[in-house]
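Enquirer: First the structure, which I've put down as structure tokens, then a few questions once you've had a look.
What follows is the structure, encoded as structure tokens:
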């Protein structure tokens, strides 16, 4: 099993014919993902990567039966693309685009919620269910399946790959890995995703990769204490970051003690999470934890 995506997922790519959309759509196709077409305004009726191109998401959904969208459009057009996906009946939008204005993503997220569409990202590497489906930019070879599989939720793209590699080297596999993005405003967060992994029979434990800034990790603690029975290993990036300085991701800035790595690590530990202070310790920690689960 997996969460959110699987072999049956039918995806369109918004921004299909652009440089990034083309390159990563091809990679997803090679992974076995059912990409059934793409959207680029004014190029409807043509073909790209052997698939039909449509002028609008609504037309693409009507003609292909797509239920998911992978979005690569430039940031200035991302709000409209997300809203268009929601209006077309898409149920999950994976938004890779970075540098989307805060007011734009706030408006798009509110509209998506109204229409019942979930968002992963923006400014994220996407989602991958090992050997089943990839919608994003992650290197496929890192994500392997095993007899015991672990789910990953991460704010960081690079640390998603590093965490997955540590898990695989420890002898375990990856069920589904999701990069939720590090912007100040994102779609699905820990509180929405943890229950999905809890219900997934294929996921035996969870890796949570957070970072400084915001309160998403703190808000997840109550849920972890009350509703998550599976073991969780966590790493919080940015422990040595200077206070008040923006560190890459829009959300990675400490404006108060609750956003610090130390505060988050202590809160997660109190909630029963196994916290490591380096990504290089993730694999070894899972070896310790899985002996007792």
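Numbering (the numbering used here), first residue to last: 8 to 300.
A virtual CB, placed ideally from N, CA and C, is assigned to each residue, including glycine.
None of the values given here were measured: they were computed from a predicted structure.
#1: So, under 8 Å CB-CB, residue 61 and residue 20 are touching, yes? Tell me the CB distance rounded to an integer number of Å.
#2: Classify residue 146: buried if its beta carbon has 16 or more other beta carbons within 10 angstroms, exposed otherwise.
#3: Is the stretch 229-243 in contact with the stretch 30-42, if contact means three or more CB pairs nearer than 8 Å?
#4: Going by the DSSP bridge assignment, what does residue 76 pair with across the sheet?
#5: Got a sec, what are the start and stop residues for the alpha helix (DSSP H) residue 172 sits in?
#6: Here's the rule I'm using: 16 or more other beta-carbon atoms within 10 Å means buried, otherwise exposed. How should residue 304 be labelled?
#7: Does the structure place the stretch 217-225 close enough to the stretch 267-275 that three or more beta carbon pairs sit under 8 Å?
#8: Measuring CB to CB, does residue 167 end up less than 8 Å from residue 186?
#9: Would the beta-carbon of residue 55 fall within 8 Å of that of residue 75?
#10: Could you give the DSSP three-state label for residue 148: helix, strand or coil?
#11: Output the distance between the C-alpha atoms of residue 206 and residue 123, rounded to the nearest integer angstrom.
#12: Pick from 214, 237, 234, 236: whose alpha carbon is nearest that of residue 243?
#13: Please report how far the alpha carbon of residue 101 lies from the alpha carbon of residue 275, in whole angstroms.
#14: Out of 35, 98, 287, 109, state which residue places its alpha-carbon closest to the alpha-carbon of residue 136.
Expert: The relevant details are as follows:
#1: At roughly 11 Å, the Cβ-Cβ gap does not stay under 8 Å, so residue 61 and residue 20 are not in contact.
#2: That one is exposed.
#3: no
#4: 19, 100
#5: 164-176 is the extent of the alpha helix (DSSP H) around residue 172.
#6: No information on residue 304 is available, as it lies outside the stretch 8 to 300 that the chain covers here.
#7: yes
#8: yes
#9: no
#10: helix
#11: 21 Å
#12: 214
#13: 27 Å
#14: It is 35.
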